[in-house]
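Chains as they are written, first to last, in our numbering: chain A, 6 to 284; chain B, 14 to 718.
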């Protein structure tokens, strides 16, 4: 499974990378808008293909009919509340028809979100700013005195503390600080095992991967930028707690996921008619 | 990464959509509850007060257009109509006096207003425009907006189309509304344009199609030798292609462009290899499977007039043949009830509500295409199928209205009885005339239709309680139409009308030489005097007019059918004696009451001339009711006793008002007939066949009521 995930990760990351690169010239917000547009259209198209469009259309029509009926028959309270009941029933039917497409659509959406997360979630460690490098070991015994665990980095990153061991979490952490713009691999050594993790300090504003892991195929799926850590390694994961990548719209700071959520919906709604899809 | 927080646009849409629906529902519930006491108090203070006791919580009126009382009684007596019989036993069954003339627009106008035609101004389908001397629709006039803004090649309308109602006076549902009584009114003829009142209304007769006509069907064929002269349909070019055929579906005029011409939608048909399998119809935005002799469902058509301006219509396709030639019939393109180009309901959202709830439905005034059958484009079976499909749509909306109107009035008119009788009376063995065509396949069509109506009445009875007054009625009866009387030919031969020899247009009064004409005929039995000062080219003075009317009436009554040695005319009515009210001057000067079996010829209806005064009616349209009113009464069933043996259609409106305790306006000519006070039969309200009134027909003479 892990190898399959690796193949998928490398392929999809490459393809998405091309799309991302094609939109990169628009700036961070511009590219996110463009990707939201593509995502919205893709999702609506998939929704159209995997749902029972006739049933959804009929159900939506009934919901809308009952909404109109609220106005038409408002003077008779008993009828009015019967209509309310009808609305509730038809809404439940609509949800029933939407359930399977919703579940199916989760897969491509997650794939897109994972890639977006890679590009928009966190950015390089700014020069002079601090961050934590957190390593999870497979076995808490590795943290016992006698086993040497070290973190090696280039001079562009200062390691400010000794590794702080938290055996109950199987964790060891270092505080680091950005010194000069650089892209390199950190190396964590635990006993005889060494595992590297990509590190970004200063320089161009870009998305970076915060976690390299080998814990589980699903976790690998969520963090596709770096190859999974082999299961026989004493190290389970290495995480750099980078600062969030700032994203602003006319000076207004926003979370990339909210931007994608809203815009993909807006674009989806706007183009559902063109695509001939009932939502 | 919190991916679980977001499932994607599909889920997002679903959540947002349902949220808005539920939010709207609950917010409206909150608002209604919040404002209900205030509205209740306001109504209590400002609404006019009822003057009598309320004797029904709900009044349900089922109109069965043209259902004949004689046939109904005959089949009731044979035990074929148990529900009608039950109604007769529980309440009442009587002949219902109809209007002069006995035709739907007039009778249903009197039904809704309680007035004689002199007060509601509907005298016929077609009336002459006294200025242009051209026939025109009596009940509605649709015109383009008065002002437009010219932007380059575009003419942007400033305002909505002007729809002028021909029917005057007030409907009983409008009066009920003022007293806070809600009404659901469905497909009652002459309710276009829809009036504003406390209730919902779906218009019927006179609602045009998207072309603005009263129903233009289309006939396409690739056969170059198949040339037809269609009166109500349009034959269109269909080109043969290697795959099948290609053509263009005509639509409305593009009024947004100067000289915009007719909007058209191109289509192609790919036929099956053997001509019996399914064919494929391709429109710009959809592909439809066509099967031989099978109607498609309603198809929505979008005519694009300009960017952002689309006229939507709905129609059904019927593939008649694939080999050796493709032949295609298309119903008139009707206003889409979900996106109406013209208001066809009150409120406008009511037609949308119905369309969303039950799907697209026929909206045309006369939706059942009798012309398609009359002109030989479709056969009996497709016509019956069309009628039944439309009837099903009406039943769905009627039972929905019945369920949603617990208090107030529910009125629905079903047209299938009228349309099928018009086209299938020729197969019915009439007591006087026999059957025109002996075809066992259609012997029992009328009987089965009445049985179907009986079942409908049974379902209505099952859904009402004792506090509901139920009336099942028809506006007129039916008789065979075997012989056509060409009134303009008769006027010509008797020296009242002069003919121009140079006119190429055979109808629309274009061949009338107005300088020598003293009387002319238009519509279903109306004769007009060419009055000086009234008609644009009038030559007859008042005194002379009186004399001419007497002469014409006497001569017409003396007319004999040379073939059958019968009198085609039972009675001729003088409008001054037949009508009263502010619009009498718009009435025909004389109205001819034809004997059963006779009717005015089609040529006369549109202001044309035939070649013979009395001739055989050879068309499938061989049943009719435009005859002497006392000989074609309607029928009335009621679940409560009625006060008289001779009720009249003008009594229905005051009866409904009276049942709700609402005062009856003084201008109404009818009387309430469900007061519980049984009286002697009214001497003036005769429905007895063969008892025509020579001067004052009781059915239309308000002073006698």
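Even for Gly, the Cβ is constructed at its ideal location relative to N, Cα and C.
As the structure is a computational prediction, the values presented were derived from the model and not from experiment.
Anticipated Cβ contact below 8 Å, residue i with residue j, distance rounded
i: residue 88 of chain B; j: residue 592 of chain B; result: In fact, because the Cβ distance is near 35 Å, the residues do not count as touching under 8 Å.
i: residue 329 of chain B; j: residue 312 of chain B; result: 7 Å
i: residue 264 of chain B; j: residue 316 of chain B; result: 4 Å
i: residue 200 of chain A; j: residue 240 of chain A; result: 5 Å
i: residue 660 of chain B; j: residue 112 of chain B; result: With a Cβ gap of about 13 Å, residue 660 of chain B and residue 112 of chain B do not count as contacting.
i: residue 359 of chain B; j: residue 214 of chain B; result: 4 Å
i: residue 482 of chain B; j: residue 69 of chain B; result: 4 Å
i: residue 31 of chain A; j: residue 125 of chain A; result: With 8 Å as the limit, residue 31 of chain A and residue 125 of chain A do not qualify as a contact, their Cβ atoms being about 13 Å apart.
i: residue 438 of chain B; j: residue 636 of chain B; result: 2 Å
Beta carbon proximity, residue i to chain A, threshold 8 Å
i: residue 295 of chain B; result: no
i: residue 366 of chain B; result: yes
i: residue 458 of chain B; result: no
i: residue 144 of chain B; result: no
i: residue 424 of chain B; result: no
i: residue 508 of chain B; result: no
i: residue 594 of chain B; result: no
i: residue 695 of chain B; result: At residue 695 of chain B, the pLDDT of 40 sits below 50, so the modelled position is not reliable and the matter cannot be decided from this model.
Under 7 Å by beta carbon: chain A residues contacting residue i
i: residue 363 of chain B; result: 77
i: residue 213 of chain B; result: 77
i: residue 311 of chain B; result: Per Cβ cutoff of 7 Å: no residues; residue 311 of chain B is ~14 Å from chain A at best.
i: residue 34 of chain B; result: 68, 72, 92 and 96
i: residue 420 of chain B; result: 81
i: residue 45 of chain B; result: 79 and 85
Partner residues on chain A for residue i, Cβ-Cβ distance less than 9 Å
i: residue 41 of chain B; result: 72, 75, 76, 79, 85 and 89
i: residue 417 of chain B; result: 74, 77, 78, 81, 84, 87 and 88
i: residue 37 of chain B; result: 72, 75 and 92
Interface flag, residue i vs chain B, CB-CB below 8 Å
i: residue 67 of chain A; result: yes
i: residue 94 of chain A; result: no
i: residue 99 of chain A; result: yes
i: residue 15 of chain A; result: no
8 Å Cβ cut-off: residues of chain B touching residue i
i: residue 243 of chain A; result: Within 8 Å Cβ-Cβ: nothing; residue 243 of chain A doesn't reach chain B, min ~17 Å.
Contacts of residue i in chain A (Cβ-Cβ under 8 Å)
i: residue 369 of chain B; result: 66, 67, 69, 70 and 73
i: residue 405 of chain B; result: Correct list: empty, because the minimum Cβ distance to chain A is about 17 Å.
i: residue 49 of chain B; result: 82
Proximal residues, the stretch 618 to 640 of chain B versus chain A, C-beta separation under 8 Å:
With the criterion set as a beta carbon lying under 8 Å from some beta carbon of chain A, the stretch 618 to 640 of chain B has no members that meet it.
Residues of the stretch 187 to 210 of chain B whose Cβ lies closer than 7 Å to any Cβ of chain A, in chain order:
For the stretch 187 to 210 of chain B, the set of residues with a beta-carbon nearer than 7 Å to any beta-carbon of chain A comprises 195, in chain order.
Using a Cβ-Cβ cut-off of less than 7 Å, give me the residues of the stretch 51 to 73 of chain B that come near chain A, in sequence order.
Among the residues of the stretch 51 to 73 of chain B, none has a Cβ less than 7 Å away from any Cβ of chain A.
Along the chain, which unbroken stretches of the beta strand (DSSP E) at least 3 residues long are found entirely within the stretch 28 to 82 of chain B?
71 to 77, all fully within the stretch 28 to 82 of chain B.
Alpha helix (DSSP H) runs contained entirely in the stretch 149 to 201 of chain B, provided each spans 4 or more residues
DSSP runs (the alpha helix (DSSP H)) wholly in the stretch 149 to 201 of chain B: 185 to 191.
Mind pulling the alpha helix (DSSP H) runs of 4 or more residues that sit fully within the stretch 79 to 133 of chain A?
With a minimum length of 4 residues, the continuous alpha helix (DSSP H) runs that stay inside the stretch 79 to 133 of chain A are 82 to 125.
List in chain order: all unbroken alpha helix (DSSP H) runs of 4+ residues lying wholly within the stretch 450 to 497 of chain B.
Secondary structure in the stretch 450 to 497 of chain B: the alpha helix (DSSP H) runs of 4 residues or longer, each lying completely within the stretch, are 458 to 475 in chain order.
Which runs of the beta strand (DSSP E) fall wholly inside the stretch 552 to 593 of chain B and span at least 3 residues, in chain order?
Complete beta strand (DSSP E) runs here, min 3: 582 to 587.
Could you tell me which uninterrupted beta strand (DSSP E) segments, each at least 3 residues in length, are contained entirely in the stretch 177 to 242 of chain A, listed from first to last along the chain?
The qualifying runs are 187 to 195, 198 to 206 and 216 to 218.
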